[in-house]
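K.L.:
Everything in the sequence shown is counted per this note's numbering, starting at 27 for the first residue and increasing by one. Beta carbons are placed, not taken as given, at the ideal position from N, Cα and C, and that holds for glycine.
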Amino acid sequence: MKIYIRTTILFLAIALASCSDVIDVPVQTAPTRLVVEASIDWEKGTMGNEQTIRLSTSTAFFETTGNTAVTGASVIISNDTSGDEFLFVDQSNGEYTTDDFVPVIGQSYTLQIIHDGETYMAQETLIPVTDITNIYQGREDGFDDEELEVHVEFIDPANEDNYYFIRFKREGDLLPELEVGDDEFIDGNEVDWWYEVQEDEDTDKIDVLQPGDVISIEMYGISSAYYNYMDILIDQIGGVGLFQATPVAVKGNCVNQTNPDNYAHGYFRLTEVNKASYTVE
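#1: A64 to A148, Cα distance in whole Å?
#2: Can you give the Cα-Cα distance for E203 and A99, rounded to whole angstroms?
#3: Helix or strand or just coil, what does DSSP make of Y122?
#4: Pull up the distance between the alpha-carbon of R80 and that of N93, whole angstroms please.
#5: Is Q138 near I181, with beta carbons less than 9 Å apart?
#6: Find out if the Cβ-Cβ distance for the pair N282, Y146 is shorter than 9 Å.
#7: How big is the Cα-Cα spacing for E175 and Y189?
#8: Who does F191 pair with in a DSSP beta bridge?
#9: Which one of V299, E244, E197 has the shortest CA to CA distance from W220?
#10: Assuming V223 and R196 make a contact with CB atoms under 8 Å, what is their CB distance in whole Å?
#11: Which residue wins for smallest C-alpha separation from P129, given the options A290, G214, I161, N75?
#12: Drop a sphere of 10 angstroms on the beta-carbon of F294, count the other beta-carbons inside from all chains shown, and report buried for 16 or more, exposed for fewer.
#13: Have a look at G247 and D67 and give me their C-alpha separation to the nearest angstrom.
#14: DSSP puts I263 in a beta bridge; with which residues?
#15: By the DSSP assignment, the beta strand (DSSP E) with G164 in it spans what residues?
#16: Give me the Cα-Cα distance between I140 and E179, rounded to the nearest whole angstrom.
#17: Please classify I131: does DSSP put it in a helix, a strand, or coil?
#18: What are the residues that DSSP puts in a beta bridge with N147?
#19: Measuring only the C-alpha atoms, how far is S108 from T159?
#20: Might you give, ordered along the chain, the residues of its own chain that have their beta carbon closer than 8 Å to the beta carbon of D106, omitting 5 neighbours on each side?
#21: Do the CB positions of V101 and A290 come within less than 9 Å of each other?
#22: Can you list, in chain order, the residues of its chain with a C-beta nearer than 7 Å to that of L113? Leave out the 5 residues immediately preceding and following it.
#23: If I measure Cβ to Cβ from G120 and keep anything under 8 Å in the same chain, skipping five residues before and after, which residues do I get?
#24: Apply the 10 Å Cβ neighbour rule to T297 and answer buried if 16 or more other Cβ atoms are within range, or exposed otherwise.
#25: Suppose contacts are defined by Cβ-Cβ distances below 9 Å. Is G238 in contact with T305 by that definition?
#26: Going by alpha carbons, who is nearest to Y255 out of N185, E166, E205?
#27: Could you tell me the boundaries of the beta strand (DSSP E) in which F211 lies?
#28: Looking at D208: is its Cβ nearer than 9 Å to the Cβ of S250?
#29: Apart from the five residues on each side of it in sequence, which residues of its chain come closer than 6 Å, Cβ to Cβ, to T78?
#30: Using a 10 Å radius around the Cβ and a threshold of 16 neighbouring Cβ atoms, would you call Y253 buried or exposed?
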């Protein structure tokens, strides 16, 4: 009887294994679009004349090969008050560069891109950023009061709307930590913004700041429109579980004047930026 039962189970397992089918799951596709990386960032203490804009095309989700760089486009930024134009030269690798840009705080600029017979335009204002007054480390304000965090202090300018974009990146990490904020509840006050490495919930890897870690810090002054754009984008890439954001098409400010339905991905921003580095002790 035991031999009969074992033989029956063996034949059943073979039958189930031989009846497996390959199921093709259709993957939703989207039209190929122009991707614009037009971040005109004026680092404090520099002339800000050297700037780069990158153009590429979007790809299918599982696409891992192929050159997406866009070449042969016309890229110009103009000062909306003086009419001065800054031509970005095609470097034949998707990058368009200039070494004669003139940044003016509070000035409005217009970006024009002509690609594949269509004209894309965007307008933004160069936003200033306040100075960083102090960078230090501590253990009391993070999610885990036993682990190190890095603090960035600055004074928010009073009686005006201010929006911030801060980028932290630990040396050796693949991706940076991106954060945005506004001064709705901190207008005119000293701000203490802290950065703490979070545990990877997918791998349960314990990863905290250690002495010797080098953190690069970039703090940008941004427009309210770019704040809203980045707030949605960060939610899209950072939400998990119950807090996962519903996927939506995140549109930037580059409008296709020729064919509005063929909109571009990406954003044209103009910001002043503080850059600093801190080594954990």
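P.N.:
In short:
#1: 10 Å
#2: 32 Å
#3: strand
#4: 13 Å
#5: no
#6: yes
#7: 23 Å
#8: V206, Y246
#9: E244
#10: 7 Å
#11: N75
#12: buried
#13: 10 Å
#14: Its beta-bridge partners do not exist; DSSP assigns none.
#15: 158–164
#16: 42 Å
#17: coil
#18: According to the sequence as given, residue 147 is Met; it is not Asn. According to DSSP, M147 bridges with Q138, V281.
#19: 34 Å
#20: Q133, S134, Y135, T136, Q149
#21: no
#22: I102, T124
#23: R80, L81, S82, T94, A95, V96, T97
#24: buried
#25: yes
#26: E205
#27: It is not in any beta strand (DSSP E) - F211 carries neither H nor E in the DSSP assignment.
#28: yes
#29: E121, T123
#30: buried
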